[in-house]
Every structure is written in structure tokens, then in C-alpha cells.
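Encoded as C-alpha cells, the structure appears first; notes follow it.
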Amino acid sequence: PLSRPSAPPCRPVSHVVFLKTHKTGGSSVVNVLSRYGESRQLRFALPHRYQFGYPSPFRAERVRGFGPGARFDILCHHMRFDLRQVQRVMPNDSFYFSIVRDPGTLGESAFSYFRAAAPAFRNSPSLDAFLASPSRFFRPGLRGNHYARNLQWFDFGLPQPARPADIPAILAALERVFPLVLLAESFDESLVLLRHRLCWPWESVDLFPHNSRGETRAVSPEQREKLRAWNSLDWALYSHFNRSF
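Position in the sequence shown (from 1) plus 373 gives the number in the numbering used here.
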């Protein structure tokens with residue numbers, strides 16, 4: 374039988390920054406990174422507590438053990454991304470990637486999961502009531518309300534665009550930082566892409582059922598469109614990386 378042509382050799386990437394966004398399947402990616410890193414004695418940048426001061430922007434000082442001469446290989450916890458602060462912690466050759474999800478379904482998950490944390494959700498009797506008049510319940514700047522609108526845009530630490538015409542330039546700049554952004558809806562394919570980009574062995578990204586809320590309800594087409602409209606920045610973000618996937 375003919376043997377498969379061998380792929381050109383590549384060097385496994387051992388310096389990795391994964392921005393774990395909320396309600397996108399990021400926990401499964403962290404599982405992959407943790408298994409690989411622990412099997413090779415790589416050092417993880419870990420927070421002093423549960424998270425890196427989220428929802429405040431990431432700061433290097435929040436990393437346990439950060440200081441002169443400190444060396445870290447993998448950063449993969451929840452944070453509100455700040456490139457300059459991350460660069461203080463991670464090596465210059467680090468590979469940056471993340472994962473995004475269609476806000477038309479993420480919005481339903483966020484409404485259920487962050488109901489207690491987000492006043493905009495807590496004060497609304499149902500998702501349909503919220504979507505009928507989001508501005509009735511949503512107050513920008515109120516603690517916890519970042520969960521209620523454009524959550525992925527917030528997690529990436531992106532600036533609020535002054536006008537819609539500014540969005541493409543913001544996303545183009547983001548893509549220069551994150552050369553790979555996975556899609557939650559194409560999770561298995563995303564892991565294959567990730568494996569190729571990191572030059573890791575196949576067994577390091579063995580496919581397995583990733584975390585999902587078992588009771589997730591189907592989102593109606595009308596709800597999906599309203600969620601995309603309300604989370605318009607997240608929809609622009611998702612659409613941008615969906616086109617380039």
C-alpha cells in the first residue's frame with residue numbers, strides 16, 4: 374500500500390496565549406492546553422484567586438509569581454484582554470488565539486447563566502421580555518451588565534467604536550494579534566486547525582464532548598435576529614472571523 378506523504382517538519386509551539394471568552398466552549402480548549410502543558414512540564418500563568426480581576430482589564434501583577442525573571446509558557450484563564458499587560462507576562466514568540474460564538478445563541482446562554490449577575494437580565498421576567506425592549510432593562514456601566522450586551526467584544530478588551538465605520542479597522546487590528554480565532558459552532562474543525570497551528574501531536578487534541586449546558590433551549594429565528602441586533606458588535610466580531618475561518 375502507498376504510504377501517506379509525510380508533512381514537512383514543524384516545531385511544536387510551547388508559548389501560548391488563549392483568551393477564554395465566556396459561554397463559547399472555551400473550557401474544552403483549556404482542557405486541551407492543560408493536558409498538553411502538564412504532560413510537558415510547561416508553566417501556566419495562574420491568577421492569585423479564581424480569575425485575573427475580571428471584569429477589570431488584565432494586569433500582569435495579578436499573575437501568581439510574576440516578577441523579574443519569571444517565565445511562563447501558557448496563559449489560558451478568563452480575563453478582559455489587555456495586550457500590553459499580557460506581553461509583560463508572556464514571551465515575545467507566544468501564539469495568541471481565542472474562540473467566538475454566534476451571539477444569536479450565546480445571548481440565550483448568557484441570559485440563563487448570568488441572570489443573577491447582570492441587573493439587565495435579573496430585572497427582566499423572560500428573554501422574550503428583554504428582547505422586546507432591551508433598553509428598558511439595560512443600563513450601561515452598571516456592574517454586571519457587561520454580560521448583557523456584546524460580551525465577547527468586552528472580553529477582547531476592544532474599544533467602543535465612535536461610529537460603525539470604525540469597526541472594520543478595529544477587527545483588522547485584532548486579527549493581527551490573534552492569527553487564529555476558533556468558532557464554537559465548528560468546534561471539531563477548530564481543534565484540527567489548532568493542532569496544525571501549534572504543531573502538536575494528534576493525541577493532544579483528541580476530540581471529546583465539550584462543555585455545554587444540557588438544558589439549552591432552541592433559539593427561535595426571531596430571537597436569534599434580535600440577539601444579533603442587540604449584540605451588534607459581537608455579531609460584527611463573529612461575522613469577521615467566520616468569514617476568515
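Even glycine gets a Cβ: it sits at the ideal position worked out from N, Cα and C. Computed from a predicted model, the values in this text were never measured in an experiment.
Environment of residue i [buried if 16+ CB atoms lie within 10 Å]
| i | result |
| --- | --- |
| residue 515 | exposed |
| residue 402 | buried |
| residue 545 | exposed |
| residue 435 | buried |
| residue 384 | exposed |
| residue 575 | exposed |
| residue 604 | buried |
| residue 569 | exposed |
| residue 537 | exposed |
| residue 596 | buried |
| residue 414 | exposed |
Integer-rounded CB distance, given that residue j should sit under 8 Å from residue i
| i | j | result |
| --- | --- | --- |
| residue 531 | residue 543 | 6 Å |
| residue 372 | residue 550 | Residue 372 lies beyond the range of the chain shown here (374 to 618); nothing can be said about it. |
| residue 518 | residue 606 | Not confirmed; about 14 Å, so no contact. |
| residue 474 | residue 535 | Incorrect: roughly 26 Å between the Cβ atoms, too far for contact. |
| residue 472 | residue 426 | Between residue 426 and residue 472 the Cβ distance is about 21 Å, and since that is not below 8 Å, they are no contact. |
Spatial neighbours of residue i in its chain, beta-carbon cut-off 7 Å, leaving aside the 5 residues before and after
| i | result |
| --- | --- |
| residue 461 | 433 |
| residue 410 | 417, 446, 447 |
| residue 620 | Here the chain has residues from 374 to 618 only, and residue 620 is not among them. |
| residue 495 | 488, 489 |
| residue 437 | 419, 420, 421 |
Same chain, Cβ closer than 6 Å to residue i, neighbours up to 5 away in sequence not counted
| i | result |
| --- | --- |
| residue 555 | 472, 563 |
| residue 469 | 390, 550, 551 |
| residue 612 | none |
| residue 592 | 478, 481 |
| residue 571 | 386 |
| residue 529 | 454 |
Beta-carbon proximity list for residue i, same chain, < 8 Å, skipping 5 on both sides
| i | result |
| --- | --- |
| residue 586 | Annotation note: pLDDT 42 at residue 586 (below 50); position unreliable, no value reported. |
| residue 406 | 389, 391, 447, 449 |
Examine the Cβ distances between the stretch 408–419 and the stretch 437–452 and report whether three or more of them are shorter than 8 Å.
Yes, the stretch 408–419 touches the stretch 437–452.
Runs of alpha helix (DSSP H) lying entirely within the stretch 491–577, each at least 4 residues, in chain order
If we require 4 residues or more, the alpha helix (DSSP H) runs fully inside the stretch 491–577 come out as 492–495, 500–505, 507–510, 524–528, 540–550, 560–571.
For a minimum of 4 consecutive residues, which ranges assigned as the alpha helix (DSSP H) are wholly contained in the stretch 389–434?
Counting only runs of 4 or more, we get 399–412.
Alpha helix (DSSP H) runs contained entirely in the stretch 458–488, provided each spans 4 or more residues:
Under the rule that a run must span 4 or more residues, the alpha helix (DSSP H) segments found entirely inside the stretch 458–488 read 476–486.
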